[in-house]
Structures are given as C-alpha cells and as structure tokens.
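**Student:** The following block contains the structure, expressed as structure tokens.
There are 2 protein chains.
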Amino acid sequence: MASVKHDSREKLIRAAQKATYQQGFAQTSLADIAKAAGVPLGNVYYYFKTKEALGEAVIDARLSYIHRAHDSWEQSSSPADRLCAFVDSVLDNKEALARGGCSIGTLCSELSKARGPLARKASELLKQHLLWIQEQFSLLGRNTDAHSLAIHLLAGLQGVGVLAHSLGDADLVVTETRRLREWIRSL
Amino acid sequence: MASVKHDSREKLIRAAQKATYQQGFAQTSLADIAKAAGVPLGNVYYYFKTKEALGEAVIDARLSYIHRAHDSWEQSSSPADRLCAFVDSVLDNKEALARGGCSIGTLCSELSKARGPLARKASELLKQHLLWIQEQFSLLGRNTDAHSLAIHLLAGLQGVGVLAHSLGDADLVVTETRRLREWIRSL
DNA sequence: GTCTATATGTGGATAGAC
DNA sequence: GTCTATCCACATATAGAC
Chain A
1 MASVKHDSRE KLIRAAQKAT YQQGFAQTSL ADIAKAAGVP LGNVYYYFKT KEALGEAVID
61 ARLSYIHRAH DSWEQSSSPA DRLCAFVDSV LDNKEALARG GCSIGTLCSE LSKARGPLAR
121 KASELLKQHL LWIQEQFSLL GRNTDAHSLA IHLLAGLQGV GVLAHSLGDA DLVVTETRRL
181 REWIRSL
Chain B
1001 MASVKHDSRE KLIRAAQKAT YQQGFAQTSL ADIAKAAGVP LGNVYYYFKT KEALGEAVID
1061 ARLSYIHRAH DSWEQSSSPA DRLCAFVDSV LDNKEALARG GCSIGTLCSE LSKARGPLAR
1121 KASELLKQHL LWIQEQFSLL GRNTDAHSLA IHLLAGLQGV GVLAHSLGDA DLVVTETRRL
1181 REWIRSL
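Sequence order for the protein chains is A and B.
For the first sequence, the residue numbers in our numbering are 1 to 187.
For the second sequence, the residue numbers in our numbering are 1001 to 1187.
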C-alpha cells in the first residue's frame, strides 16, 4: 500500500515534530528521533539528506496542519465567531502551553536565532496565521486597521504562551483568552 | 584594584550575556564566550564550575538590570506614566527586538524547554516584571484585576517581541506599543 | 591565578554489507 | 531499501605546568 511505502518517513516526521516541540530543534538529536520512530539511525539519511531537511519536513507538516485548522474555523459563519474559535483552540490547549509553550512560537523563536534558511521557512507559520486573522478583521469591516488588530490578537496569544510556559501556569491562558475574546466581541 | 581583581569574571559574564542573546544559551559554546572575552578557555572553569553556573551569573546580571530599570521608571510620578515608560523602553529597543527578540523572553522560552534548574531561575526575570507591572495597576486603583491587566500588558509586549523577531519586522513593535499605550491611558 | 594540552562524550554524517 | 559500524568535528570539563 502507498501508506506503507513511506511509513518510516512519516514516523520520522511525527517523532521529530514531537521531540522538537518538547526539547527544541537543536537540542533534539537524530538519534533521539530515530529511536522514537523505531528506525535505525543510519536510515534517517535515506529519507532526509540532512537534519535541516527533516526540519523542513516538520515545518511543512505544521503548515498543512495550520491550513486545516483555518478551514475548520471557517465553519463558523461570522468573522468574530471564527476569531473566537481560534482563541478557544488556544484555551483548549492551555495545559500543553504551560508545559511546552506554543508549538509554533517556540519553534520560530528558536530558529530565528539560528538565522538559517529554516528560520525563513518557519516564519511562514506565523505569517499564515497573521494573514488569516487579518482577513477575518477585514471581513468584520475593519479594513483600515485589520493589520494592527491582527498583530494585537496574535501578539496577545503568543505572549501568553511565553508567560504560561515560562511560569508554568496554565491559568494565565484562561485569563488572557477571556480578555481577548471580549475584546473581539467589542469591535 | 578591586575592579581589576574580577575583571575576567565580569568580561566572561558580559560576553556570555551577549552571545547567549544572539545565539541562544545551548548554541553558545564556552569557547565562543572565552574568545569574545579574551580569556583562555581553560580559565573559564576557574571562575565558573560549570557552564550552568555561568548561565546563573548571566541571569543574575539580568535580574539586577531589571531592578535598575524599575527604579528608573519609578522616577515618573503617576503609575500610568511608569507603565508607559516601560512600554516606551520596549519601543526604543525595536531594532534589537526584530534582530534577536526579547532578551528575557527568548532566554526564558529556551531554558523552559530544557527544564533544568536554570529554567526556574530564569522565570524569575519575567516574574519580577509581572509583579512590578501589577503593582502599578494596583496603584492605579485597579486592585481587583491588577493581575489580569498585568498579564495582558506583558503578554502583549512578549508577543510582539516574538512576532517582530520571527518576522524580522521592527514596525510591528511601533504598531503594538501604540495600542498598548492608548489602552493604559484608557483605564 | 593563568595558561596549554587533552580526556571524554556526543552529534551529524558517511561507507558499505546485506 | 535496510541496517551496522564508524569517521570527524566540536563541546564540556579536567590535568597539570608555570
């Protein structure tokens, strides 16, 4: 079956995604990933030329996940409901946020320091979110300041991710998402 | 002179602080730090038992810097002015933010993933900021929701740090600090 | 206190048998 | 395509002369 053909490849990407989120990309060794995926270390290089190539695959997986999330939030008919669905998804994830931070934010932060080609690719994750949010604000009739509003919302969520993670306090997410939801409704 | 006695030690801390901010703590080797400080690699261990001990010293240096900053902002008489002075200090730093993110936020994020004793120590940096901000809101007469307001302000600033850094766009800091300043004045 | 040399471990990457 | 063994670079940490 086609699903089996690249089974090891998929397993490696999933293991890399999980380990990278938990420990950071640089701190995750290919040996860690191979072990978690149940694949011999040497085989990693059959599927990915370098560690960086595996990193790209991880980002691609997160990108397609983001697009699926956008699709699901667009089931809500009003732009405000869509934005609140986004905020709610963060709230639903509060425990993981307190344990490991935002999977996208922490990845982008780390890779941005490295300043490699991966940094540019990872920034696309935040960019896609920002564009989607901005579009919702435009649909809400806030054409002139949609950009600024989108920055405010995403910054608030990224920021509370940093705080909840660093302080190990999931309740911060409750507090801040409530405020952001009310802010959206007030526009 | 006493100032010369621990000259190398101070140089090492400064070099470590700079390199850690630019590349991340784990990605910075003791060889990098020693070279930048003009100190032979072996000597590092005369001043610091381990790399982690040097990390602690870096955090201590940042902690005392934070306290000095709080003192300077308290030159402003009104709590709102003090909070705006804090926000302004972030705006003044926008170029560095776009290049390397928030020196405190990125450090806390990275170390929180490692989950070592350094993580706890680094979280004190954010905690101190949060407490100071909360106190200003209390002085503003917002006793009941000072905590939630403080989270909102610090999250906004941390978040815009993540965005400006990852997207390499200092203008985001201009946009968001303007909004946060107006929000403070509206309370 | 200051420096050089080096032990020790680990990680990315490759070679080559099967 | 899959696996084992290994090369090589680099990082923390130590030993020991000066």
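All C-beta atoms in this analysis are idealised placements derived from N, C-alpha and C, irrespective of residue type, glycine included.
1. Along the chain, where does the alpha helix (DSSP H) that runs through Cys108 of chain A open and close?
2. How is Gly1038 of chain B classed by DSSP in three states: helix, strand or coil?
3. Quick one: what's got a C-beta closer than 7 angstroms to Arg181 of chain A's C-beta in the same chain, skipping five residues either side?
4. Go through its chain and collect everything with a Cβ distance to Gly1159 of chain B's Cβ below 7 angstroms, but skip five positions before and after it.
5. By Cβ distance below 8 angstroms, which residues in the same chain neighbour Leu30 of chain A in space, the five residues on each side in sequence not counted?
6. Which one of A:Arg115, A:Ala37 and A:Ser76 has the shortest CA to CA distance from Arg9 of chain A?
7. Measure the CB-CB distance between Ala98 of chain A and Ala170 of chain A and report whether it falls below 8 angstroms.
8. Contact defined as beta carbons within less than 8 angstroms: I believe Ala150 of chain A pairs with Gln134 of chain A. What is the distance between those atoms, to the nearest angstrom?
9. Could you pull out every residue in the same chain whose Cβ sits closer than 6 angstroms to the Cβ of Ile66 of chain A, ignoring the five residues on either side in sequence?
10. Within 10 Å of its beta-carbon, does Glu95 of chain A have 16 or more other beta-carbons around it, so buried, or fewer, so exposed?
11. Tell me whether Ser64 of chain A is buried or exposed, calling it buried when 16 or more other Cβ atoms sit within 10 Å of its Cβ.
12. Please confirm whether Met1 of chain A has its beta-carbon closer than 8 angstroms to some beta-carbon of chain B.
13. What residues from chain A crowd round Leu1126 of chain B, counting only those whose CB sits closer than 9 angstroms?
14. Ile33 of chain A and Ala15 of chain A - do their beta-carbons sit closer together than 8 angstroms?
15. Counting only beta-carbon separations shorter than 8 angstroms, does His70 of chain A have a partner in chain B?
16. Have a look at Gln17 of chain A and Lys113 of chain A and give me their C-alpha separation to the nearest angstrom.
17. Is there a C-beta anywhere in chain B that falls below 8 angstroms from the one on Arg179 of chain A?
18. Looking at Ala1164 of chain B: is its Cβ nearer than 8 angstroms to the Cβ of Leu1172 of chain B?
19. For chain B, find out if any of its Cβ atoms is closer than 8 angstroms to the Cβ of Cys84 of chain A; answer yes or no.
20. Out of A:His147, A:Lys35, A:Gly161 and A:Tyr46, state which residue places its alpha-carbon closest to the alpha-carbon of His6 of chain A.
21. Between the Cα of Leu1126 of chain B and the Cα atoms of A:Val162, A:Pro79, A:Ile59 and A:Trp73, which residue gives the shortest distance?
22. Taking a contact to mean a Cβ-Cβ separation below 8 angstroms, would you say Ser1072 of chain B touches Arg179 of chain A in this structure?
23. Note down, in chain order, every chain A residue with its Cβ under 8 angstroms from the Cβ of Gln1023 of chain B.
**Tutor:** Quick look at the numbers:
1. Ser103 to Ala114 is the extent of the alpha helix (DSSP H) around Cys108 of chain A.
2. coil
3. Cys84 and Val87
4. none
5. Leu41, Val44, Lys51 and Leu54
6. A:Ala37
7. yes
8. Sure, about 4 angstroms apart at Cβ, within 8 angstroms.
9. Answer for Ile66 of chain A: Gln128, listed in chain order.
10. exposed
11. exposed
12. In this predicted model, Met1 of chain A has a pLDDT of only 44, less than 50, meaning its place in the structure is not dependable enough to derive any value.
13. Val162, Leu163, Ser166 and Leu167
14. Against a cut-off of 8 angstroms, the Cβ pair of Ile33 of chain A and Ala15 of chain A comes out as a contact.
15. no
16. Rounded to whole angstroms, Gln17 of chain A to Lys113 of chain A spans 19 angstroms at the Cα level.
17. Yes - at least one Cβ of chain B is within 8 angstroms of the one on Arg179 of chain A.
18. The answer is yes: Cβ separation under 8 angstroms.
19. no
20. A:Tyr46
21. A:Val162
22. No, they are not a contact pair.
23. Lys113 and Ala114
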